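K.L.:
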DNA sequence: GCAACGCGCAACTTTTTAGTTGCGTTTTCG
DNA sequence: CGAAAACGCAACTAAAAAGTTGCGCGTTGC
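Residue numbers (the working numbering), protein chains in the order written: chain A, 1146 to 1249; chain B, 1146 to 1249.
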């Protein structure tokens, strides 16, 4: 993740998170296909996909007149690892605090 | 996570993510302490902490005249697990696709 | 007791975001 | 060729988010 906050921000919209979930189940989808499954316009879907792509959560490729999108697994795993590091750091802080209290 | 998108949304702001990182290093902090480390007002910090608390990423407790905050590790781990599930699902979809292409 | 500290509430401004509609371009296909 | 499909660009609206300032209230401590 270049910018962890940007990744979480992209995942922080209910519609975009649903899009990610949708893409996790099917191989790859066009903008039109996706917007058919959501109660928003094609342009709104296009904007969401652009946000996800800019956050590297998704990749796109043009095939004739349509643009197909698929998940970029690596970015999900990077975000996962980031949360793991924060949790571990916090766990370490708790541990050091306990030791400090012991030595009092 | 009651609402995964809400958790990611809370983590999706650069300032809030920095607050989380800050809280991961120290045991627990008051609003005043935290706002001293950030270029925003105490009220802005208070709002951010409220957002993090509503997303269950953080817990607060009152001690005299100050309110102290600490990380809620469980929520970080839930978010982490969520990303893991999505990634696994996507991995599975890729596998099924590969098998389908083989059987053609 | 009273001054200073830490905080919450309310009102406000500014920027961002999610969504829309309309129009033009490229590609497909009968 | 010509209609329809899939998309991008631009302008716009409405709502939410990030931030500020001002004021009041409980707590601390000299």
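All C-beta atoms, glycine included, are put in the ideal place defined by N, C-alpha and C. The structure presented is a predicted model; accordingly, all values stated were derived computationally and were not measured.
Along chain B, in chain order, which residues have C-beta atoms closer than 7 Å to that of residue 1170 of chain A?
P.N.:
Translated into the one-based positions of the first chain, residue 1170 of chain A becomes position 25. The contacting residues are 1234 and 1238.
K.L.:
Could you pull the start and end residues of the beta strand (DSSP E) that residue 1183 of chain B belongs to?
P.N.:
Locating residue 1183 of chain B in the second chain gives position 38, counting from the first residue. Taken as a continuous stretch (DSSP letters only), residue 1183 of chain B belongs to no beta strand (DSSP E), as it is neither H nor E.
K.L.:
Quick one: which chain A residues come within Cβ less than 9 Å of residue 1150 of chain B?
P.N.:
Indexing the second chain from 1 puts residue 1150 of chain B at position 5. Within 9 Å Cβ-Cβ: 1156, 1157, 1158, 1159, 1160, 1161, 1162 and 1163.
K.L.:
Hey, is residue 1249 of chain A's beta-carbon within less than 9 Å of any beta-carbon in chain B?
P.N.:
On the first chain, position 104 is the one that residue 1249 of chain A refers to. Residue placement at residue 1249 of chain A is flagged as unreliable, the pLDDT there being 47, under the threshold of 50; a coordinate-derived value is accordingly withheld.
K.L.:
Rounded C-beta distance between residue 1239 of chain A and residue 1153 of chain B? I'm assuming under 8 Å.
P.N.:
Residue 1239 of chain A sits at position 94 when you count from the first residue of the first chain. Residue 1153 of chain B sits at position 8 when you count from the first residue of the second chain. The Cβ separation is near 24 Å, so there is no contact.
K.L.:
Quick check: the segment 1160–1172 of chain A against the segment 1187–1206 of chain A, are there 3 or more CB pairs under 8 Å?
P.N.:
yes
K.L.:
Tell me the rounded alpha-carbon separation between residue 1178 of chain A and residue 1213 of chain A.
P.N.:
As a working mapping, residue 1178 of chain A is identified with position 33 in the first chain. As a working mapping, residue 1213 of chain A is identified with position 68 in the first chain. Rounded to the nearest angstrom, the two C-alpha atoms are 9 Å apart.
K.L.:
With burial defined as no fewer than 16 other Cβ atoms inside 10 Å of the residue's Cβ, what is the status of residue 1159 of chain B: buried or exposed?
P.N.:
One-based indexing of the second chain puts residue 1159 of chain B at position 14. Per the 10 Å Cβ criterion, exposed.
K.L.:
Measure the alpha-carbon distance for residue 1249 of chain B versus residue 1197 of chain A and round it to whole angstroms.
P.N.:
Locating residue 1249 of chain B in the second chain gives position 104, counting from the first residue. Locating residue 1197 of chain A in the first chain gives position 52, counting from the first residue. Summary for residue 1249 of chain B: the model assigns pLDDT 49, below 50, so the residue's position carries little reliability, and this model does not support an answer.
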